[in-house]
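Peer 1: Encoded as structure tokens, here's the structure I'll be asking about.
Residue numbers (the numbering used here): 17 to 105.
So this is what it looks like as structure tokens:
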């Protein structure tokens, strides 16, 4: 028997440029679904990423997000989910 778990994690990104209205923090917590699918060393400190975001999950099942408490230190009224992440070379 196999058990599949929908796993996501929160990654804090430093904002260089954004179109988010009324958000003034320099960092932002983003929920990244299945981060391991991006491959080893995709997420690296001091690299630049372009992200597309939505404010609700596109699935009808729950996600295991072990570090969800990170969001509490930010003044967001909704969770932000990454739909696309590209590393700038």
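Ideal Cβ placement from N, Cα and C applies to all residues, glycine included.
Small disclaimer: the values here were computed from a predicted structure and weren't measured.
Just to confirm, are residue 94 and residue 65 a CB contact at a threshold of 9 Å?
Peer 2: Here residue 94 is taken as the residue at index 78 of the chain shown, counted from 1. Here residue 65 is taken as the residue at index 49 of the chain shown, counted from 1. No, they are not a contact pair.
Peer 1: With a threshold of 7 Å on Cβ separation, who are the neighbours of residue 73 within its own chain once the five nearest residues in sequence on each side are excluded?
Peer 2: To locate residue 73, count along the chain shown from 1; it is residue 57. Only residues of its own chain outside the window of five on either side were considered, and among them 79, 97 have a CB closer than 7 Å to the CB of residue 73, listed in chain order.
Peer 1: Taking residue 108 and residue 53 to be in contact with their CB atoms under 8 Å, please state how far apart those CB atoms are, rounded to whole angstroms.
Peer 2: Any property of residue 108 remains undetermined from this structure, which presents the chain solely from 17 to 105.
Peer 1: For residue 75, tell me which candidate among 59, 49, 60, 44 has the shortest Cα-Cα distance.
Peer 2: Along the chain shown, one-based indexing puts residue 75 at 59. Per the Cα distances, 49.
Peer 1: I'd like the span of the beta strand (DSSP E) that includes residue 98, first residue to last.
Peer 2: On the chain shown, residue 98 is found 82 positions in, with the first residue counted as 1. Run containing residue 98: 97-103, per the beta strand (DSSP E) assignment.
Peer 1: Which whole-angstrom value is the C-beta distance of residue 83 and residue 40, which I expect to be below 8 Å?
Peer 2: One-based indexing of the chain shown puts residue 83 at position 67. One-based indexing of the chain shown puts residue 40 at position 24. No, residue 83 and residue 40 are not in contact; Cβ-Cβ is about 23 Å, not under 8 Å.
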